[in-house]
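One structure is given here, and the rest of the page talks about it.
Structure follows, in structure tokens:
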């Protein structure tokens, strides 16, 4: 029975009963006697309680649905509100759950296309940096060396400084190209790529220690790329924004799949809004059915945890 008719019929029953009592044995004197006032007050209280109970029972599923609507985040898939109530209420909750399933599927597909295009663009830019700018700077270095061999010593020293600046620029371009397109991931696999990534971020201001299990299961190319990109973004955040001095990068096999954990000793998240980098990590995690969480680390910093289920591997 629809919610409207349930409420209407209960109110009708209560009012009809009250009317019958007033027309029958219960009468009201003028002035109202104390006992009559007590009876009327009790009847009114009974009507209010009955209406309150019905509304509480009938609208409870709608309140749960409202809470689910206000807390739903497509980047953080969670449990669906339980289908409760009867008739229109149950149908509404079922429709809402179906809508969430469709939206999450469409968002995952859209994010997959966007990230694939992003990786292709990164590959193109890295290739151009390496082939065009890198070769140009290499030619400049060779020309500077040739000129430096035929100039007076005073000018030669200045040319050597220009050579060092050009060589540093060439190294920086190569480093950027490696971050845009992790060739070591394609050539040597995930373990070597993560070790190279940790070594790349290790410097005077930051120390990255890596612990990578030797028994990692066979993963798809998409899953390895997601693990690498999440580790890369986590290290970038620790180095640039968290003010961290030490980072622990751990990859281990679990009974269900693989877990990546990046923990730093920086200033922590402190309820700060998530930026584009973290949103990008969540979108990548959804592509391979992984679970991403950001929590406070034991040292007061931030711990990023990515759990990949091998049963949900992408192909």
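Numbering (my numbering), first residue to last: 467 to 781. Glycine residues also receive a C-beta, built at the ideal position from the N, C-alpha and C atoms. From a predicted model like this one, the values you see are computed outputs, not experimental measurements.
| DSSP beta-bridge partners of residue 724 | 719 and 774
| task | Could you have a look at residue 762 and say whether DSSP puts it in helix, strand or coil? | result | strand
| request: List the whole-angstrom C-beta distance separating residue 756 from residue 774, where the pair is believed to meet the contact cut-off of C-beta under 8 angstroms. | output: 4 angstroms
| field | Backbone CA spacing between residue 734 and residue 744 [nearest angstrom] | value | Rounded to the nearest angstrom, the gap between the Cα atoms of residue 734 and residue 744 is 14 angstroms.
| Which residue or residues does DSSP assign as beta-bridge partners of residue 505? | Answer is none; residue 505 lacks a bridge partner.
| task | Would you identify the three-state DSSP class for residue 780, choosing helix, strand or coil? | result | With a pLDDT of 42 at residue 780, under the threshold of 50, the predicted position of this residue should be treated as unreliable, though the coordinate-derived value follows. Residue 780: coil per DSSP, three-state reduction.
| request: Taking all protein chains shown into account, decide if residue 731 is buried (16 or more other Cβ within 10 angstroms of its Cβ) or exposed. | output: buried
| message | Checking the sheet assignment: what are the DSSP bridge partners for residue 692? | response | Answer by DSSP bridge pairing: none, since residue 692 is not bridged.
| request: Classify residue 655 as buried or exposed, calling it buried when 16 or more other Cβ atoms lie within 10 Å of its own Cβ. | output: exposed
| Starting from residue 591 and walking both ways along the alpha helix (DSSP H), at which residues does that stretch end? | 554-594
| Among 601, 630, 602 and 600, the one whose alpha carbon lies nearest that of residue 614 | 630
| task | Taking residue 692 and residue 750 to be in contact with their CB atoms under 8 angstroms, please state how far apart those CB atoms are, rounded to whole angstroms. | result | 5 angstroms
| field | Exposure of residue 627, with buried meaning 16 or more beta-carbon neighbours within 10 Å | value | Looking at its Cβ environment, which holds fewer than 16 other Cβ atoms inside 10 Å, residue 627 is exposed.
| said: Only counting the same chain, and skipping five residues up and downstream in sequence, which positions put a Cβ closer than 7 angstroms to that of residue 766? | reply: 731 and 734
| Residues near residue 650 by beta carbon distance below 6 angstroms, same chain, minus five either side | 658, 659 and 662
| message | Does the distance between the C-beta of residue 661 and the nearest non-hydrogen atom of the ligand FAD fall short of 7 angstroms? | response | Looking for the ligand FAD in the displayed structure turns up nothing, as the structure carries no ligands at all.
| task | Starting from the Cα of residue 636, find the closest Cα among 527, 602 and 579 and give me that residue. | result | 602
| Collapsed DSSP secondary structure at residue 657 in the structure displayed | helix
| Taking the DSSP output, what are the residues bridged to residue 674? | 713
| request: Using a threshold of 8 angstroms, state whether the C-beta atoms of residue 516 and residue 480 are closer than that. | output: Yes, Cβ-Cβ distance for residue 516 and residue 480 is below 8 angstroms.
| task | Find the nearest neighbour of residue 681 within the set 717, 482 and 618, judged by alpha-carbon distance. | result | 717
| Per-residue DSSP class, three states only, for residue 545 | Coil.
| request: Compare the Cα-Cα distances from residue 664 to each of 572, 698, 641 and 505 and report the closest residue. | output: 698
| message | Looking only at its chain, what residues have a beta carbon closer than 6 angstroms to the beta carbon of residue 574, apart from the 5 residues adjacent to it on each side? | response | 752
| query | Do residue 711 and residue 647 have their CB atoms nearer than 8 angstroms? | reply | No. Outside cutoff.
| When you compare only the Cα positions, how much space is there between residue 604 and residue 634? | 11 angstroms
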